[in-house]
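Here the structure comes first, spelled out in structure tokens, and everything after it is commentary.
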Amino acid sequence: MIELALLTGGPGSVRDVNSARVLATIREHGPISRSELIKKAGLSKATVSVIVANLLERDAVRESGKQQPARGRSRILLEFNSAAMTVIGVQLSDDRCQFVRTDLAGTILDRLDVEIDLSDPTEVPAALARAIRRLVRRPGGTVLGVGIGVPGRVDAAGRNVQVALSHDWHEVGLADELERALDLPITLTNRAKVAALGHLAAAAGSPADTRVGRDLVYLYLGDGVVSGIVTGGRLLVGHDGTAGDLGHVMVERRGPLCTCGTRGCLQVLVGGTAIATDAGLDSWEALQRAVAAGEPAALRAVRRAGDRLGMALGHLVVAVTPSTIAVGGPTARLGAPLLAEIDRAVRRCAPTAGPVEIVPADDDAPPRGAALLWLQRAGLLQ
Ligand SMILES: [Zn+2]
């Protein structure tokens, strides 16, 4: 559970159990009168009165009109003031880092794109802090915390990047350093995994629907392959943070050697560069052009990649039974030809599985998902 730096200490703070209960009750049942609130929260009148005064002062709650009961005085109604509080979600990536500011339901209110050089992990926290401060300083409510989607493997608690082979990062304690610099609670997650939550929110139209039992897989295809798994609206992390690391599943026993030391890992065979090589082309850009032009050799290579992805995804589909697989990342730019092959391969490799839709991922899914995960871990979103 994240401690909310800006809402800490004493009654009215979200850390305080009774205050959290009052806030959650107002959020769920608001607009609500004080007397209803006392009943629903199961707390004394005096306790609720002190907590509400504090929440009003902190703008966490606001008055929203009056209710006239059949008898007696009119009652002032209270509602959760999600507009006064915001969260920042970030995706770190090589071409552009995406920063979004969302309300407490995950709706994007503001955004910023910044180029940050990720090659030296010692330089990254300062650059990140600068960009986050820019967004914090803009008008739009209090920022409660920051969720960051990073490349590589993150510990289950969301504090450290244990290893990001693509960027040669090892044990980078990004969360601690940023918390010191920004005085805001930070949580880290793998950018592809957390994108599953972001895509689900975008697909649902209303981000609050992420609470509903929804099951979705986000598939990141770059030179690495990672999946994000959401079951019942919650991101699956696993006891050691490695849930969904699909890229190192072996799909060809005598295949090429992978950076992990094993042969025939999925990501060595289906990464953008690998598909280009398989098609006899010298670059990823050449592959994109050839696929767009419908060249048979390129389409055959895409078919082989789709096949291998289907073999690995088929197992995941049977285990998780997602309604949707959202495909994002650089290799997903191959578009419909690749998605159609994945679709075909999943059906062939998991013939008894229920219907699953293969769709292109929402562009804002990774930073939005990072904000949503922060909210879930802070107990502000179920
Ligand atoms: Zn591997």
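Per the working numbering, the sequence shown starts with residue 63, numbered consecutively. Where a beta carbon is used, it is the ideal one built from N, C-alpha and C, also for glycine.
Comparing alpha-carbon positions, which option in the options lies nearest residue i?
{"i": "Leu-105", "options": "Leu-118, Thr-87 and His-91", "result": "Thr-87"}
{"i": "Val-110", "options": "Arg-96, Asp-121 and Asn-252", "result": "Arg-96"}
{"i": "Arg-195", "options": "Glu-185, Leu-180 and Leu-174", "result": "Leu-174"}
{"i": "Gly-207", "options": "Ala-218, Ile-150, Gly-235 and Glu-177", "result": "Ile-150"}
{"i": "Gly-202", "options": "Gly-209, Gly-211, Arg-192 and Val-162", "result": "Val-162"}
{"i": "Asp-245", "options": "Ala-191, Arg-215, Arg-315 and Val-287", "result": "Ala-191"}
{"i": "Thr-383", "options": "Gly-294, Asp-425 and Glu-125", "result": "Gly-294"}
{"i": "Gly-376", "options": "His-229, Gln-160, Ala-407 and Leu-319", "result": "Ala-407"}
{"i": "Arg-276", "options": "Gly-284, Ala-266 and Asp-285", "result": "Ala-266"}
{"i": "Leu-297", "options": "Ala-341, Gln-329, Asn-252 and Arg-395", "result": "Asn-252"}
{"i": "Glu-419", "options": "Ala-433, Cys-411, Ile-404 and Ala-427", "result": "Ile-404"}
{"i": "Leu-396", "options": "Ala-432, Ala-219, Thr-324 and Ala-355", "result": "Ala-355"}
{"i": "Leu-361", "options": "Leu-401, Leu-378 and Ala-415", "result": "Leu-401"}
{"i": "Ala-398", "options": "Gln-350, Ser-136 and Ala-115", "result": "Gln-350"}
{"i": "Ile-337", "options": "Ala-363, Ser-181, Gly-323 and Ser-126", "result": "Ala-363"}
{"i": "Val-256", "options": "Ala-305, Thr-335 and Ala-132", "result": "Ala-305"}
{"i": "Glu-185", "options": "Leu-240, Asn-143 and Arg-199", "result": "Leu-240"}
Inspect the beta-carbon positions of residue i and residue j and report whether they are closer than 9 Å.
{"i": "Val-279", "j": "Met-373", "result": "no"}
{"i": "Leu-227", "j": "Thr-321", "result": "yes"}
{"i": "Leu-262", "j": "Val-292", "result": "yes"}
{"i": "Gly-303", "j": "Gly-317", "result": "no"}
{"i": "Leu-139", "j": "Gln-129", "result": "yes"}
{"i": "Val-84", "j": "Leu-99", "result": "yes"}
{"i": "Leu-236", "j": "Leu-371", "result": "no"}
{"i": "Val-223", "j": "Gly-214", "result": "yes"}
{"i": "Gly-333", "j": "Asp-285", "result": "yes"}
{"i": "Ala-243", "j": "Pro-187", "result": "yes"}
{"i": "Gly-391", "j": "Ala-423", "result": "yes"}
{"i": "Ala-218", "j": "Gly-300", "result": "yes"}
{"i": "Ser-385", "j": "Pro-413", "result": "no"}
{"i": "Gly-290", "j": "Ala-254", "result": "yes"}
{"i": "Ala-433", "j": "Gly-209", "result": "yes"}
Just the C-alpha distance for residue i and residue j, rounded to the nearest angstrom, thanks.
{"i": "Leu-442", "j": "Leu-166", "result": "7 Å"}
{"i": "Leu-435", "j": "Leu-259", "result": "7 Å"}
{"i": "Val-225", "j": "Thr-204", "result": "33 Å"}
{"i": "Ser-345", "j": "Arg-365", "result": "18 Å"}
{"i": "Met-147", "j": "Glu-177", "result": "27 Å"}
{"i": "Gln-438", "j": "Pro-429", "result": "14 Å"}
{"i": "Gly-79", "j": "Arg-89", "result": "Looking at the sequence shown, residue 79 is not Gly but Val. Distance between the alpha carbons of Val-79 and Arg-89: 15 Å."}
{"i": "Val-353", "j": "Glu-141", "result": "53 Å"}
{"i": "Ala-122", "j": "Gly-342", "result": "59 Å"}
{"i": "Val-330", "j": "Ala-394", "result": "16 Å"}
{"i": "Ala-367", "j": "Ile-170", "result": "34 Å"}
{"i": "Asp-179", "j": "Gln-153", "result": "13 Å"}
{"i": "Gly-431", "j": "Trp-231", "result": "23 Å"}
{"i": "Ala-103", "j": "Cys-411", "result": "50 Å"}
{"i": "Leu-328", "j": "Ala-381", "result": "18 Å"}
{"i": "Ala-427", "j": "Val-216", "result": "18 Å"}
{"i": "Gly-71", "j": "Pro-93", "result": "Since pLDDT at Gly-71 reaches only 40, below the 50 mark, its modelled position is unreliable, and no value is offered."}
{"i": "Gly-168", "j": "Arg-158", "result": "21 Å"}
Taking only three categories from DSSP, how would you classify residue i?
{"i": "Pro-318", "result": "coil"}
{"i": "Arg-118", "result": "Sequence inspection shows Leu at residue 118; the Arg mentioned does not correspond to that position. DSSP places Leu-118 in helix when its eight states are reduced to three."}
{"i": "Leu-197", "result": "helix"}
{"i": "Asn-80", "result": "helix"}
{"i": "Ser-289", "result": "strand"}
{"i": "Met-63", "result": "Residue placement at Met-63 is flagged as unreliable, the pLDDT there being 37, under the threshold of 50; the coordinate-derived value follows with that caveat. Coil."}
{"i": "Pro-247", "result": "coil"}
{"i": "Pro-413", "result": "coil"}
{"i": "Gln-444", "result": "coil"}
{"i": "Pro-428", "result": "helix"}
{"i": "Ser-345", "result": "coil"}
{"i": "Arg-133", "result": "coil"}
{"i": "Val-274", "result": "In this predicted model, Val-274 has a pLDDT of only 40, less than 50, meaning its place in the structure is not dependable enough to derive any value."}
{"i": "Val-418", "result": "coil"}
{"i": "Val-299", "result": "coil"}
DSSP puts residue i in a beta bridge; with which residues?
{"i": "Asp-172", "result": "Arg-163"}
{"i": "Ala-402", "result": "According to DSSP, which records beta bridges pairwise, Ala-402 is partnered with nothing at all."}
{"i": "Cys-327", "result": "Met-312"}
{"i": "Leu-371", "result": "Leu-371 pairs with nothing; no bridge assigned."}
{"i": "Val-158", "result": "In the sequence as displayed, the identity of residue 158 is Arg instead of Val. None, per the DSSP bridge assignment."}
{"i": "Ser-228", "result": "For Ser-228, which the question treats as bridged, DSSP gives no partner whatsoever."}
{"i": "Val-152", "result": "Phe-161 and Ile-210"}
{"i": "Asn-252", "result": "Val-212"}
Check: With distances taken from each beta carbon to the nearest heavy atom of ligand 3, which residues come in below 6 Å, in chain order?
Finding: Among the ligands present in this structure, namely ligand 1, ligand 3 is not found.
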